Amino acid sequence: MKKLVLLFVMFAAFAVIYSCSHKTAPTIPSRPVEAVTGNKPDTADLSSSDPLVAGKAIYEIKCTKCHQKKNISDWTQEEWKPILNSMVKKSKLNDLEISQVTQYVNANAKK
């Protein structure tokens, strides 16, 4: 019986020591980061003097950070008004960018 108690105490001690041991995360090998290529417009378009070009760039770069790109021509200007008003409140766009995006959306909305 003493051997059984001793065996149980040794097992319990081993379990406590093992559970308190220092754990390390596995090492993840690093690999080079590759540039993402896609159909996103160049950030130079953001400063374009043409408000429609700048509006498109802002829409495709900034608006799609949070959600999928929508087909603008699926909605009329009237249907876009509440969408734009609600998104402008959440966006981090300045007044010029808001104006450019609005002009771009209105120019391409369903007629």
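Sequence positions in the sequence shown follow mature numbering (1 follows the signal peptide of the UniProt record, and there is no 0) and run -15 to -1, 1 to 96.
For each residue, glycine too, the CB sits at the ideal point set by N, CA and C.
Here the structure is a predicted model, which means the values were calculated and not measured.
- Item | First and last residue of the uninterrupted alpha helix (DSSP H) at Ala(-3) | For Ala(-3), the enclosing alpha helix (DSSP H) begins and ends at -14 to 4.
- Message: Starting from Ile68, trace the alpha helix (DSSP H) in both directions and tell me its first and last residue.
- Response: 62 to 75
- Task: Go to Ala94, then tell me how far its alpha helix (DSSP H) extends in each direction, as first and last residue.
- Result: Looking at the DSSP string, Ala94 is not in any alpha helix (DSSP H), and its letter there is neither H nor E.
- Message: Among the candidates Ser33, Tyr3, Val86, whose CA atom is the shortest distance from the CA of Thr49?
- Response: Val86
- Task: Return the Cβ separation of Ala94 and Ile57 in integer angstroms, given the expectation that the two are a contact with Cβ distance under 8 Å.
- Result: 6 Å
- Message: Between the alpha carbons of Phe(-5) and Ile46, how many angstroms are there, rounded?
- Response: 60 Å
- When we look at the beta-carbon of Glu64 and count the other beta-carbons within 10 Å, is it buried (16 or more) or exposed? exposed
- First and last residue of the uninterrupted alpha helix (DSSP H) at Ile46: 36 to 46
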